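Q:
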Amino acid sequence: MSARDDVFANIRRSLGVKGSETIRRQMVAERLERAPKGVVPARGQVSGEERIALFKLQAEAALATVTEVASAAEVPQSIALFLRNHNLPATLRMGDDPRLEKMPWDETTLEMSHGPSEGRDLNAVSHAFGAVAESGTVVMVSGHENPSTLNFLPDNHIVVVSAKDIAGDYESVWNRVRFAFGKSTMPRTVNWITGPSRSGDIEQTLLLGAHGPRRLHIVVVRD
Amino acid sequence: MTVHTTSPQFKANAAQALADVQLQKALGNVKQGFIDKRQKAAEKLPEFEALRDSARDIKNHTLAHLDLYLEAYEDKVKASGGHVHFARTAEEARSIILGICRDAGARTVTKGKSMISEEIGINHHLEAHGVVPVETDLGEYIIQLRNEMPSHIIAPAVHLNATQVEQDFRRVHTHLDAKRDLSEPVQLLTEARTVLRERFLAADVGITGANFLVAETGTSIIVTNEGNGDLTQILPKTHIVLASIEKLVPTLEDVSQILRVLARSATGQEMSVYTTFSTGPRRPGDADGPENYHVVLLDNGRSSMLGTSFEEMLRCIRCGACMNHCPVYHAVGGHAYGWVYPGPMGAVLTPSLIGVDKAGHLPNASTFCGRCESVCPVRIPLPKLMRHWREREFERHLTPATIRSGLRTWGFFAKRPALYRLATRAAMGVLGLAGRTKGRFAWLPLAKGWTKYRDFPAPQGETFQARWRRERSRRSA
Numbered sequence: 001m002s003a004r005d006d007v008f009a010n011i012r013r014s015l016g017v018k019g020s021e022t023i024r025r026q027m028v029a030e031r032l033e034r035a036p037k038g039v040v041p042a043r044g045q046v047s048g049e050e051r052i053a054l055f056k057l058q059a060e061a062a063l064a065t066v067t068e069v070a071s072a073a074e075v076p077q078s079i080a081l082f083l084r085n086h087n088l089p090a091t092l093r094m095g096d097d098p099r100l101e102k103m104p105w106d107e108t109t110l111e112m113s114h115g116p117s118e119g120r121d122l123n124a125v126s127h128a129f130g131a132v133a134e135s136g137t138v139v140m141v142s143g144h145e146n147p148s149t150l151n152f153l154p155d156n157h158i159v160v161v162s163a164k165d166i167a168g169d170y171e172s173v174w175n176r177v178r179f180a181f182g183k184s185t186m187p188r189t190v191n192w193i194t195g196p197s198r199s200g201d202i203e204q205t206l207l208l209g210a211h212g213p214r215r216l217h218i219v220v221v222r223d
Numbered sequence: 001m002t003v004h005t006t007s008p009q010f011k012a013n014a015a016q017a018l019a020d021v022q023l024q025k026a027l028g029n030v031k032q033g034f035i036d037k038r039q040k041a042a043e044k045l046p047e048f049e050a051l052r053d054s055a056r057d058i059k060n061h062t063l064a065h066l067d068l069y070l071e072a073y074e075d076k077v078k079a080s081g082g083h084v085h086f087a088r089t090a091e092e093a094r095s096i097i098l099g100i101c102r103d104a105g106a107r108t109v110t111k112g113k114s115m116i117s118e119e120i121g122i123n124h125h126l127e128a129h130g131v132v133p134v135e136t137d138l139g140e141y142i143i144q145l146r147n148e149m150p151s152h153i154i155a156p157a158v159h160l161n162a163t164q165v166e167q168d169f170r171r172v173h174t175h176l177d178a179k180r181d182l183s184e185p186v187q188l189l190t191e192a193r194t195v196l197r198e199r200f201l202a203a204d205v206g207i208t209g210a211n212f213l214v215a216e217t218g219t220s221i222i223v224t225n226e227g228n229g230d231l232t233q234i235l236p237k238t239h240i241v242l243a244s245i246e247k248l249v250p251t252l253e254d255v256s257q258i259l260r261v262l263a264r265s266a267t268g269q270e271m272s273v274y275t276t277f278s279t280g281p282r283r284p285g286d287a288d289g290p291e292n293y294h295v296v297l298l299d300n301g302r303s304s305m306l307g308t309s310f311e312e313m314l315r316c317i318r319c320g321a322c323m324n325h326c327p328v329y330h331a332v333g334g335h336a337y338g339w340v341y342p343g344p345m346g347a348v349l350t351p352s353l354i355g356v357d358k359a360g361h362l363p364n365a366s367t368f369c370g371r372c373e374s375v376c377p378v379r380i381p382l383p384k385l386m387r388h389w390r391e392r393e394f395e396r397h398l399t400p401a402t403i404r405s406g407l408r409t410w411g412f413f414a415k416r417p418a419l420y421r422l423a424t425r426a427a428m429g430v431l432g433l434a435g436r437t438k439g440r441f442a443w444l445p446l447a448k449g450w451t452k453y454r455d456f457p458a459p460q461g462e463t464f465q466a467r468w469r470r471e472r473s474r475r476s477a
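And the structure:
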């Protein structure tokens, strides 16, 4: 008997089932199909300005910084200002996300580079798929538009998110993921990011910038 | 398979831990930090208790249908281009992983934090076969340098102080300036970040655990604060997920329920910094990510826990809240438990995995105060399960003769209430009289185990039952 068959046989023996029972199969198929939501906290069930304010509050509580701009055209200037204010070099790496590419980067003196990170970039910008107000989380999906390495290797990660993509709860984002990628189909990686990297492993002292970014800066685009 | 455990020597381990000044200082951090943070996080979310019920129900449902969810999960992983390997035992898991590493021509392997990898002892196995494993979670990295086991499931180096870490870094990072300043914890963190960054970039294979596996989509999930798990899995060509079979949950909605109680129970965060959902290898057109994606599913005794009272233990999501709230853990730390899983969850799980003959002391090392159960996010009745192990140990005649005869004597009286009342009234009366000047005893016959470490309070001359009767008649009057 193969290890696989053995494990299944042992599970079924312990549960006292054969595995072919129609009722059990139906229950499982139905749960996978319907994906019931369960308890969704009331906190995120707000809309409009209130939801954006909640997102900002929660992201800042997780030690991210948040800026709002009126339109996508203002993003490059806003990021250049952020880097200058923190005495960071005027360099920025990004993938080929069309929303980012359309922005007027040449209005700034930022030195732009493209592609995934090889581990030596100080600053990177990515466009979020969405965000969750409930916990101040940004939701990133992998791909050449926004390579996953940009989320983790640079010292300073800047995330652009459209205000209209900020959801109240995780469940709403999963609905959008299913709509975009197909039911039960996931992009290779979905990253929920809530604040900058940290560790409490030395004497339970909270220290930022363990292996991932030391800073997480979020730019909310309001158009 | 030989399991390296000192669980049978729990009593000696505990005595040693109590006398260890460094350890006792470090354990102070557990008592102070975790309890308060969890409490605040729970209070901030009105639905927290309802979410605990929801998390419990999801895990119960999944375990009752585990065979079918595993099938669905396996199909989805394959459909996304990944490979699934089943391992009945730790030994099988080790050889599967070594095989994948050899196929990848691996020289170094980075590792995200994984308790299952401790359970199967993968590091020694890889090392013995010429593959260098590098732990990348800061706490795990520190204890790997010290050749120790984690002493806590989410804070592996919680038994250490910063000065000890500094000494280890100076001992191992000999390529760095010997005069460098490492007096601040942040300097230690920065040094580890720099040293490990090179390791991340050079690794051929990355091994992570999984907090959850999603049947609906064939997705593995890791939850970290450092980001080390992500660098472990997106940089090398091959990603191996090592997970035990009970990590399954049905859907993305289900895991979102459980994630809402995980971080709050563990560190008091609303959500951990990085929650990563991985499905298969790099897709066409992707700029980064692993080219090969393997999942090793470990049973190692778990399928036999299903259908028994210990099935409830398989709900555990490894948050560590039970040990953070355990007075025994606070006193002796994690290493005294002698194997991979410490604290109340370890006291229940360890006998299942390595045998009650080896780990029988662990479920006995409890005051049954019930704090662990009261904070468990999936409501595992840990004291009840520890009691079940005590019963099994007794039935199998593994309990020492003195305890057996003591229990027999107590049982004799307990079954004869009139005699019990008479005997306790006499005993309490005598003790109350003898201790009335000081109010406590520094020494008592037959109670050396207690009085060696602390005084025994003198009874006030009345038994609990007598007082109960008196209070009740007063209140009803």
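Which chain is which? The protein sequence lines are P and D, in order. Residue 64 in full-length UniProt numbering sits at position 64 of the first sequence, and the numbers go up by one each step. Residue 389 in full-length UniProt numbering sits at position 389 of the second sequence, and the numbers go up by one each step. Note that CB positions come from ideal geometry on N, CA and C, so glycine has one too. Quick caveat: nothing in here was measured; it's all calculated off a predicted structure.
Tell whether a beta-carbon distance below 8 Å holds between Ser-272 of chain D and Ile-116 of chain D.
A: No.
Q: With DSSP collapsed to three states, give me the class of Ser-141 of chain D.
A: Note that residue 141 of chain D corresponds to Tyr in the displayed sequence, not to Ser. Residue state, collapsed to three classes: helix.
Q: Between Asp-299 of chain D and the rest of its own chain, which residues show a CB-CB distance below 8 Å, the 5 nearest in sequence each way excluded?
A: So the list reads Phe-86, Ala-87, Arg-88, Thr-89, Ser-244, Ile-245, once near-sequence residues are dropped.
Q: Specify, as a first and last residue, the run of the beta strand (DSSP E) that Ala-124 of chain P falls within.
A: Segment 123-127, the beta strand (DSSP E) holding Ala-124 of chain P.
Q: Establish whether the CB of Gly-139 of chain D and some CB of chain P are separated by less than 8 Å.
A: By this cut-off, Gly-139 of chain D is an interface position.
Q: Any idea if Asn-85 of chain P is buried or exposed, counting beta-carbon neighbours within 10 angstroms, 16 or more meaning buried?
A: With fewer than 16 Cβ atoms within 10 Å of its Cβ, Asn-85 of chain P is classed as exposed.
Q: Out of curiosity, what's the CA-to-CA distance linking Arg-93 of chain P and Ala-26 of chain D?
A: About 42 Å.
Q: Quick check on the DSSP output: the alpha helix (DSSP H) that includes Val-77 of chain D runs from which residue to which?
A: Val-77 of chain D -> alpha helix (DSSP H) spans 66-79.
Q: May I have the straight-line CA-CA distance separating Pro-351 of chain D from Pro-344 of chain D, to the nearest angstrom?
A: Looking at the two C-alpha atoms, the distance is approximately 12 Å.
Q: Quick one: give me the first and last residue of the alpha helix (DSSP H) that Ser-78 of chain P is part of.
A: Ser-78 of chain P -> alpha helix (DSSP H) spans 75-85.
Q: Here's the rule I'm using: 16 or more other beta-carbon atoms within 10 Å means buried, otherwise exposed. How should Met-313 of chain D be labelled?
A: Per the 10 Å Cβ criterion, buried.
Q: Should Leu-189 of chain D be labelled buried (16 or more other beta-carbon atoms within 10 Å of its own) or exposed?
A: Answer is buried; the Cβ neighbour count reaches 16.
Q: Assign Val-221 of chain P to one of two classes, buried (16 or more other C-beta atoms within 10 Å of its C-beta) or exposed (fewer than that).
A: Buried, since its Cβ has 16 or more Cβ neighbours within 10 Å.
Q: Take the Cβ of Met-305 of chain D as the centre, count every other Cβ of all protein chains shown within 10 Å, and call the residue buried at 16 or more, exposed below.
A: That one is buried.
Q: What is the rounded straight-line gap between the Cα of Val-46 of chain P and the Cα of Phe-129 of chain P?
A: Spanning the two alpha carbons is a distance of roughly 20 Å.
Q: Assuming Phe-248 of chain D contacts Leu-213 of chain D (C-beta within less than 8 Å), just tell me the rounded distance between them.
A: The sequence given here places Leu at residue 248 of chain D; Phe does not occur at that position. Their Cβ separation, rounded to whole angstroms, is 5 Å, which keeps Leu-248 of chain D and Leu-213 of chain D in contact under 8 Å.
Q: Report the residue ranges of all beta strand (DSSP E) runs contained in full by the segment 233-306 of chain D; include only those spanning at least 3 residues, in chain order.
A: The segment 233-306 of chain D contains these whole beta strand (DSSP E) runs: 238-244, 274-278, 292-298.
Q: Does DSSP put Leu-92 of chain P in a helix, a strand or coil?
A: Three-state result, Leu-92 of chain P: strand.
Q: Can you pull the chain D residues whose beta carbon is under 7 Å from the beta carbon of Lys-37 of chain P, in chain order?
A: Per Cβ cutoff of 7 Å: Glu-253.
Q: Tell me whether the beta-carbon of Gln-233 of chain D lies closer than 8 Å to the beta-carbon of Gln-22 of chain D.
A: Contact: no.
Q: By alpha-carbon positions, which one of D:Leu-297, D:Leu-446, D:Pro-457, D:Tyr-69 ends up nearest to Ala-434 of chain D?
A: The shortest Cα separation from Ala-434 of chain D among D:Leu-297, D:Leu-446, D:Pro-457, D:Tyr-69 belongs to D:Pro-457.
Q: Which partner residues of Pro-457 of chain D appear in the DSSP bridge assignment?
A: Answer by DSSP bridge pairing, in chain order: D:Arg-440.
Q: Any C-beta of chain D sitting closer than 8 Å to the C-beta of Arg-188 of chain P?
A: Chain D, which has a Cβ nearer than 8 Å to the Cβ of Arg-188 of chain P, makes this yes.
Q: Quick one: is Glu-47 of chain D near chain P, going by C-beta distance under 8 Å?
A: Yes - at least one Cβ of chain P is within 8 Å of the one on Glu-47 of chain D.
Q: Using the beta-carbon of each residue, which ones in chain P are nearer than 8 Å to Asn-225 of chain D?
A: Result: Ser-197, Arg-198, Ser-199, Gly-200, Ala-210.
Q: In chain order, what residues of the same chain lie with their CB nearer than 7 Å to the CB of residue 253 of chain P, ignoring the 5 residues before and after it?
A: The question about residue 253 of chain P has no answer, for chain P in this structure spans 1 to 223.
Q: Tell me whether Met-1 of chain D is buried or exposed, calling it buried when 16 or more other Cβ atoms sit within 10 Å of its Cβ.
A: Legend: pLDDT at Met-1 of chain D = 46, less than 50; position of this residue unreliable, value from coordinates given subsequently. Exposed.
Q: Bridge partners for residue 500 of chain D per DSSP, in chain order?
A: Given that chain D is displayed from residue 1 to residue 477, the structure contains no residue 500 of chain D and the question cannot be resolved.
Q: Determine the extent of the beta strand (DSSP E) in which Ser-131 of chain P is found, giving its start and end residues.
A: Checking the displayed sequence, the identity of residue 131 of chain P turns out to be Ala instead of Ser. Run containing Ala-131 of chain P: 130-132, per the beta strand (DSSP E) assignment.
Q: Hey, out of D:Gln-465, D:Lys-452, D:Ile-403, whose CA is closest to Arg-421 of chain D's CA?
A: Checked all of D:Gln-465, D:Lys-452, D:Ile-403; the closest Cα to Arg-421 of chain D is D:Gln-465.
Q: Closer than 7 Å by beta-carbon distance: list the chain D residues that pair up with Ser-135 of chain P, in chain order.
A: Per Cβ cutoff of 7 Å: Glu-270, Met-271.
Q: For Tyr-453 of chain D, count the other beta carbons within 10 Å of its own beta carbon; 16 or more makes it buried, fewer makes it exposed. Which is it?
A: Exposed, because fewer than 16 other Cβ atoms sit within 10 Å of the Cβ of Tyr-453 of chain D.
Q: Using DSSP bridges, identify the partner residues of His-217 of chain P.
A: In DSSP, His-217 of chain P forms a bridge with P:Thr-65, P:Ile-158.
Q: Is the beta carbon of Ala-64 of chain P closer than 8 Å to that of Gly-136 of chain P?
A: Their beta carbons are under 8 Å apart, which means Gly-136 of chain P touches Ala-64 of chain P by this criterion.
Q: Taking the alpha-carbon positions, what's the Leu-353 of chain D to Gln-9 of chain D distance?
A: Distance between the alpha carbons of Leu-353 of chain D and Gln-9 of chain D: 17 Å.
Q: Would you verify that the beta carbon of Arg-25 of chain P is, or is not, closer than 8 Å to some beta carbon of chain D?
A: By this cut-off, Arg-25 of chain P is an interface position.
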